[in-house]
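Novice: Sequential numbering from 8 applies to the sequence shown in this note's numbering.
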Amino acid sequence: MTVGSSPFQLPSLPGTLLPNILCGNQACWPHTVLLATAKFLLLCSQCSTSRGTFMKEKAATSFLLCSQNPLSWVLCTLQQRSHGCKQRFEAERGGPAIACSPTPISRLLGSESEPDQAAHCTDGEERGPRRHPGCWKMLTVAMCMALLGCLQAQELRGHVSVILLGATGDLARKYLWQGLFQLYLDEAGKDYSFSFHGAALTSTKQGQAFIAKVLESLSCPEDMAPDRCAELKGQFQRLSAYRHLATSEDYMALSKDIEAQVQHGGLREAGRIFYFSVPPFAYADIARNINSSCRPGPGAWLRVVLEKPFGHDHLSAQQLATELGGFFREEEMYRVDHYLGKQAVAQILPFRDQNRKALDGLWSRHHVERVEIIMKETVDAEGRTSFYEEYGVIRDVLQNHLTEVLTLVAMELPHNISSSESVLQHKLRAFRALRGLQKGSAVLGQYQAYSEQVRREQQKPDSFRSLTPTFAGVLVHMDNLRWEGVPFILMSGKALDERVGYVRILFRNQAYCVQNDEHWVADQSQCLPRQIVFYIGHGELGSPAVLVSRNLFRPSLPSESWKELGARPGLRLFGRPLSDFYAYRPVREQDAYSVLISRIFHGRKDSFITTENLLASWGFWTPLLDSLAHEVPRLYPGGAENGHLLDFEFSGTQLYFSQRQPEQLVPGPGPAPMPSGFQVLKAKYRESPLISAWPEELIAKLADDIEATAVRAVRRFGTFHLALSGGSSPVPLFQQLATRHYGFPWAHTHLWLVDERCVPLWDPESNFQHLQTHLLQHVRVPYYNIHPMPVHLHQRLCAEEDQGAQTYASEISALVANSSFDLVLLGMGADGHTASLFPQSPSGLDGEQLVVLTESPSRPFQRMSLSLPLINRARKVAVLVMGRVKREITMLVSRVGHEPKKWPISGVLPSSGQLVWYMDYEAFLG
C-alpha cells in the first residue's frame, strides 16, 4: 500500500507539540516505535475511548518516532497523552480514573529475566494482578500503524502562503490570478493549506475592489462540474485577500499575520512564494524588505519568482544578479520565461527522452538540415513603445524565449531528465557551445508606423526616427560535434502576416524517387520532406501540437496528456497536408503561467533561468546588440502587405535580405533614389583612389579586387602574399571570400597578419581566431601557408626576450620577395590608428624594424604589429573604413598632411605600390 492511497487521513498537529522535529529524511527508531506504541496502547486500552484516542493521536506518535532526539520526546508526549486519557475517562465515568502503572517493557516483550508482573490498576478498590494475553497481537498492530503514520507524517507539508506583488497589474489580471487559482484546483484536498495575498501600492479600497473583480472572473477547466467549480472558486475567494505593501513595517506586519494564521489553525508553515510582477527597478527594495522582515521561520522554504526583463545587456544583468544574490540564495530564485511553460515547448525534452531510440541516429549534423525557431505576431507595439524603445525585438524575444528553446533542442540529453540539476547543467553547456555572433549574422526590420507611434506616445519631435528593430532574423551556429555546420534560424517580429510560433527541425533528404510525386505515399516515400515540428500555438492549427512526418517514425507520447489530432481535410502545414504527419495535441490545454506556477510550487528548477544560464545568454547576445546599435532597420508596411520584403537567405555565417530595398542617403521628401544609381562611387581621398558604396556592395567590390590581385600575382609569381588586419570591420570581407569566391587561388595564397593582440591564439580576442572562425575553416589553404604572429612563446605573451617580433620579421624576409606583400589590408581607428600603430607610438612609425611590439590604449594593451616602413613596401594597400562612428575621423584625416606621430594612418603611402581607400557611405558622408 502506498502512502498516497492510505485510508487514514492524518489530522493537523498544533505547532507547539512539534518544536525542532524533522521528519522528512530521518529514519524511525525501532526501539522507540516499540516503546511508544506499547506503553501508549496499554494505557489507552483501559480507557473507554482507547480506539478513537489511538487513531487521533497516531500522527503525533509518528512524528515523535522520527524525531532527532526520540526518547526524550516520546517520554514527554506519553506523559501528556496519559494525562489526556485520564481526563477523558473521568469525564465519561463521572468518577475517579483508573490509576495505571505500566508493565515494564521487557515484560511486554516476553523477557524471561523479569518477574511475572502485570500492570496494577485500581478503580477505587484493590484488584488482583491481571495478565494481558493479547499484548503481542496489539503490539504488532500498533507497530504497523505507527510505522505507517511515520511514512504519512513525512508527506505532511503544512501551510503555504503565496504573495503576489503587483497584484493589480496587467500581467496579474490576465494570467497570474488564473494561474494561482489553477494551482489551488490542482492541490485542494491534498497535503497543503493555502492563503493568497495580493499586494501592491494601490490603496486598500481600490485594491480590494480590483481583486474582487478579478476573482469573480476566474474560470475552471471545461471538464469540471459547475457545482464543484463554484465550491472551489468560493474557497479560493475566501483564501485570497488584498493588502497594501510599501514599507518594511508593511512586510513585517504581513509576516506576523501569516505566523498568527498558521498558529491559530494549528498548522506548520511549509513555505512562502513571493511573485514579483513588478518592474525590475523595484526588485532591490522589495528583496531587502523580504529578506529583513518577511522570511519564513526555520524549516520552511522561500521561493522568489522574478519576471523578465533580467537586465538590458551582460553588464546590467550581472549587476542585477549580484544585487539579488545579496538577499536570496540561488535555489530560492525562480526567473520566469513563460515560453518554458508552453505545452509544446515543455514537451521537447520528454519527447526526445521517450523517443531516444528513434532519434539517436537522426539528431545531429549528419541528418539535420536546419532548425527554425519562430515567433510571429500580428500586433504592433502601440501602447508599449516606452518598453520597446529600450529593449527592441532581440532583447524582448530572441535573447530569452527563442534562445531557451534553442538550448532544449541542441543540448545533450541527460540520462535522467527528471533531475533538475542535470538538465540545467546540460543547458549551460549548450549556451557555452554557441558560436559568437557578428554583425552579418542578423537582419533587422521596423514596421513603418513605429516611429510615428513613438513620437506620439513619448512626445518626440517630428524629426525623430527610431532605430529600434521590431523584426529580426538571426543565424546561429554551435561549435560542437553534434551540430557543427547546422544553421539555427531564430526569427521574431511584430506587425507580420500571422500569429504563430513553432520549432521546426528539418531533416536532410538524400533520396531520389523514380515515380512522380502523384504516387508518393506519406508513410513510405523518402522523397517527401522529413520534419519534426513542435507547434507552440495559434496559426492554422490554433492549438499546441507535436507533428512528426510519417516517413520518419511513429512517435511515442504520454497518452494521459497527449492525444492524436483528428483529421482536418484541406489543412496544410509547411507545404504539406496534415495527413502527412503523425499529429498530437494536448488532452487538456493549459496556460503557460499555470504550468510554471505549479512547477514553482513543486520546486522544479529546470523550468526556470538560473543566474549562470542568464549570464551565458547575455554574454552571447550582447556583442551582437552592441554591433547593431546604430544599424538602420529595413522598413516594412506591416501585415500581408509585407510580401517578400522580409524574406532572407543565409550563406555560411552571413544572413541577408533576399530582396534589395531602396535606400536614401539623406531622408527627405520625394521618391528614394535606387542604390544602383550610386552603387560604387569613385573619387579621390588624400590624393589616392577612393571607392565608396553601401556596405554590401563595398565588401563585394573589395573581395572582387582582392581575388583579381591574387589571380594576377599567382599567374606572375606563383604565389600571393596577403596580410590581413584584425578588428571587426574585415569580418564581412572574410565571410564574402569564404562563401562567394570559389575561383580564389587559395592553394597558392600565403596568409599573414598585420597585427595581433598579445593573447593566446585560441582566445576569442585573438585576430587569428577571428580569421580562423570566419575564413580559414571554410577554405582550403595549406596549413604551411598560414603565418600567425608568434605572440605566445615559451608560455609567455609578447616577452621581449622571446624575440617574437624578430622571428616574424625573419619569416617574412625569408618567404616574401623583398619583404613586399602583394596586398596589405588595413583599417582606420576612430583615433587615427592603423594596424596596432597608435598615436605617439615609440616604435613602428619609422626606422628599420619590420615588426614591432606596441602598446594599445585599450585592453588587451600589448600588441604586435607590422611597422609603417614594412607596410609601405607593399605592392598594394587597401584601407577599409566602415560605419557612421568613423565619419568624424574620416573628415579629420582628409585635411591633415603626413603626420604619422599624431595620425598613424596618415603615414600609409606605399613607396612603389598603390593605396586604395574603401569607405561605405556612412563613413564617407555620415
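From the three backbone atoms N, C-alpha and C, an ideal C-beta is built for every residue, glycine too. A quick note: this is a predicted structure, and the numbers were derived from the prediction, not measured.
How big is the Cα-Cα spacing for R7 and D711?
Specialist: Because residue 7 is not part of the residues shown, which for the chain are 8 to 933, the question remains open.
Novice: Measuring straight from C-alpha to C-alpha, what distance separates R506 and A417?
Specialist: Residue mapping note: residue 506 aligns to position 499 of the sequence shown, counting from 1. Residue mapping note: residue 417 aligns to position 410 of the sequence shown, counting from 1. Taking the straight line from one Cα to the other gives about 25 Å.
Novice: Have a look at V449 and K501 and give me their C-alpha separation to the nearest angstrom.
Specialist: Numbered from its first residue, the sequence shown carries residue 449 at position 442. Numbered from its first residue, the sequence shown carries residue 501 at position 494. The question names Val, yet the displayed sequence has Ala at residue 449. Those two C-alpha atoms are separated by around 16 Å.
Novice: According to the Cβ coordinates, are S473 and Y457 closer than 8 Å?
Specialist: Looking up residue 473 in the sequence shown gives position 466. Looking up residue 457 in the sequence shown gives position 450. Closer than 8 Å, so yes.
Novice: Could you work out which residue in G306, T897, N423 and E337 is closest to Y692 when comparing CA atoms only?
Specialist: Taking the sequence shown and counting its residues from 1, the one referred to as residue 692 is at position 685. Ranking G306, T897, N423 and E337 by Cα distance to Y692 puts T897 first.
Novice: Just how far apart, CA to CA, sit A260 and A267?
Specialist: Counting from one through the sequence shown, the residue named residue 260 turns up at place 253. Counting from one through the sequence shown, the residue named residue 267 turns up at place 260. Looking at the two C-alpha atoms, the distance is approximately 10 Å.
Novice: Do you know how far the Cα of G626 is from the Cα of E619?
Specialist: On the sequence shown, position 612 is the one that residue 619 refers to. On the sequence shown, position 619 is the one that residue 626 refers to. Straight-line Cα distance between these residues: approximately 10 Å.
Novice: Can you tell me where the alpha helix (DSSP H) with W625 in it begins and where it stops?
Specialist: Counted from its first residue, the sequence shown places residue 625 at position 618. T618 to S634 is the extent of the alpha helix (DSSP H) around W625.
Novice: Out of curiosity, what's the CA-to-CA distance linking P737 and G443?
Specialist: Taking the first residue of the sequence shown as position 1, residue 737 is located at position 730. Taking the first residue of the sequence shown as position 1, residue 443 is located at position 436. Cα to Cα, the separation comes out at about 16 Å.
Novice: Leaving out five residues on either side along the sequence, give the residues of the same chain with a beta carbon under 8 Å from the beta carbon of L327.
Specialist: Translated into the one-based positions of the sequence shown, residue 327 becomes position 320. Closer than 8 Å at the Cβ level, and outside the excluded window around L327, lie P287, Y290, F317 and G318.
Novice: For L208 and W184, which I take to be in contact (beta-carbon distance under 8 Å), what is that distance rounded to the nearest angstrom?
Specialist: The count along the sequence shown starts at 1 and reaches residue 208 at position 201. The count along the sequence shown starts at 1 and reaches residue 184 at position 177. So it is not a contact: roughly 18 Å between Cβ atoms.
Novice: Could you please give me the residues that DSSP links to R511 through a beta bridge?
Specialist: As a first step, residue 511 must be located in the sequence shown, where it is residue number 504. Per DSSP, E379 and V540.
Novice: So, under 8 Å CB-CB, A574 and K349 are touching, yes? Tell me the CB distance rounded to an integer number of Å.
Specialist: Numbered from its first residue, the sequence shown carries residue 574 at position 567. Numbered from its first residue, the sequence shown carries residue 349 at position 342. The Cβ separation is near 25 Å, so there is no contact.
Novice: According to DSSP, is T756 part of a helix, a strand, or is it coil?
Specialist: Residue 756 sits at position 749 when you count from the first residue of the sequence shown. Three-state result, T756: strand.
Novice: In its own chain, which residues sit with a C-beta less than 6 Å from the C-beta of Y249, not counting the 5 before and 5 after it?
Specialist: Here the question's residue 249 lines up with position 242 in the sequence shown. Same-chain partners within the cutoff: G205, G214, Q215 and I218.
Novice: Would you report the Cα separation of V553 and L347, rounded to the nearest angstrom?
Specialist: Counted from its first residue, the sequence shown places residue 553 at position 546. Counted from its first residue, the sequence shown places residue 347 at position 340. Computed Cα separation, rounded: 15 Å.
Novice: Consult DSSP for H345 and reduce its assignment to one of helix, strand or coil.
Specialist: Against the sequence shown, residue 345 aligns to sequence position 338. Three-state DSSP puts H345 in a helix.
Novice: Closest by CA to H2, which one among T211, S848 and C301?
Specialist: Given that the chain is displayed from residue 8 to residue 933, the structure contains no residue 2 and the question cannot be resolved.
Novice: Is it the case that the Cβ atoms of F281 and I297 are separated by a distance below 8 Å?
Specialist: The residue labelled residue 281 in the question sits at position 274 within the sequence shown. The residue labelled residue 297 in the question sits at position 290 within the sequence shown. For F281 and I297, yes; Cβs fall inside 8 Å.
Novice: Rounded to whole angstroms, what's the CA-CA distance from F188 to S226? Just pull it up for me.
Specialist: Taking the first residue of the sequence shown as position 1, residue 188 is located at position 181. Taking the first residue of the sequence shown as position 1, residue 226 is located at position 219. Each residue's alpha carbon lies about 8 Å from the other.
Novice: Count the CB pairs spanning the segment 913-933 and the segment 880-889 that are closer than 8 Å, and state whether there are at least three.
Specialist: Counting Cβ pairs under 8 Å, three or more are found: they touch.
Novice: Let's test the definition: count the other Cβ atoms within 10 Å of the Cβ of Y341 and tell me whether it reaches 16, buried, or not, exposed.
Specialist: What you label residue 341 is simply residue 334 of the sequence shown in a count that begins at 1. That one is buried.
Novice: Roughly how many whole angstroms lie between the Cα atoms of H755 and S658?
Specialist: By one-based count along the sequence shown, residue 755 stands at place 748. By one-based count along the sequence shown, residue 658 stands at place 651. Looking at the two C-alpha atoms, the distance is approximately 25 Å.
Novice: In this structure, how does DSSP classify Y457 when only helix, strand and coil are distinguished?
Specialist: Position 450 of the sequence shown, counted from the first residue, corresponds to residue 457. In this structure, Y457 counts as helix in the three-state DSSP scheme.
Novice: Starting from the C-beta of T477, find all residues in its chain whose C-beta is less than 8 Å away, skip the five residues before and the five after it, and write them out in chain order.
Specialist: The residue you call residue 477 lines up with position 470 of the sequence shown. Counting only Cβ-Cβ distances below 8 Å, and skipping sequence neighbours, we find D387, A388, Y395, G399, V400, G452, Q453, Y454, Y457, G500, K501, A502 and P640.
Novice: Quick one: what does DSSP say V798 is sitting in, helix, strand or coil?
Specialist: Within the sequence shown, residue 798 is the residue found at index 791, counting from 1. Reduced to three states, the DSSP call for V798 is coil.
Novice: Tell me which residue opens and which closes the beta strand (DSSP E) that I698 is part of.
Specialist: Within the sequence shown, the letter at position 691 stands for residue 698. S695 to A700 is the extent of the beta strand (DSSP E) around I698.
Novice: Nearest to F741 by alpha carbon, out of Y258, Q445, S262 and S247?
Specialist: Taking the sequence shown and counting its residues from 1, one reaches residue 741 at position 734. Checked all of Y258, Q445, S262 and S247; the closest Cα to F741 is Q445.
Novice: What span of residues does the alpha helix (DSSP H) with Q360 cover, start to end?
Specialist: Mapped onto the sequence shown, residue 360 falls at position 353. Going by the sequence as given, residue 360 is Asp instead of Gln. Run containing D360: I355 to Q361, per the alpha helix (DSSP H) assignment.
Novice: Within 8 Å, do at least three Cβ pairs link the segment 557-577 to the segment 361-376?
Specialist: Yes, the segment 361-376 touches the segment 557-577.
Novice: Measuring alpha carbon to alpha carbon, tell me which residue in K689, I706 and V510 is nearest Q661.
Specialist: Counting from one through the sequence shown, the residue named residue 661 turns up at place 654. Here the closest residue by C-alpha is I706.
Novice: Let me know the secondary structure DSSP gives P476 once reduced to three states.
Specialist: Indexing the sequence shown from 1 puts residue 476 at position 469. Coil at P476, not helix or strand.
Novice: Take the Cβ of H651 as the centre, count every other Cβ of all protein chains shown within 10 Å, and call the residue buried at 16 or more, exposed below.
Specialist: Along the sequence shown, read from residue 1 onward, the residue named residue 651 stands at position 644. Counting Cβ neighbours within 10 Å, H651 comes out exposed, since fewer than 16 surround it.
Novice: Where does M889 fall in DSSP's three states?
Specialist: Residue numbering aside, residue 889 sits at position 882 when the sequence shown is read from its first letter. Three-state result, M889: coil.
Novice: Please state if the CB of V412 and the CB of I512 are separated by a distance shorter than 8 Å.
Specialist: Locating residue 512 in the sequence shown gives position 505, where the first residue counts as 1. Locating residue 412 in the sequence shown gives position 405, where the first residue counts as 1. No, these two residues do not count as a Cβ contact at 8 Å.
Novice: Go ahead and pull the three-state DSSP assignment for A219.
Specialist: Along the sequence shown, one-based indexing puts residue 219 at 212. Residue state, collapsed to three classes: helix.
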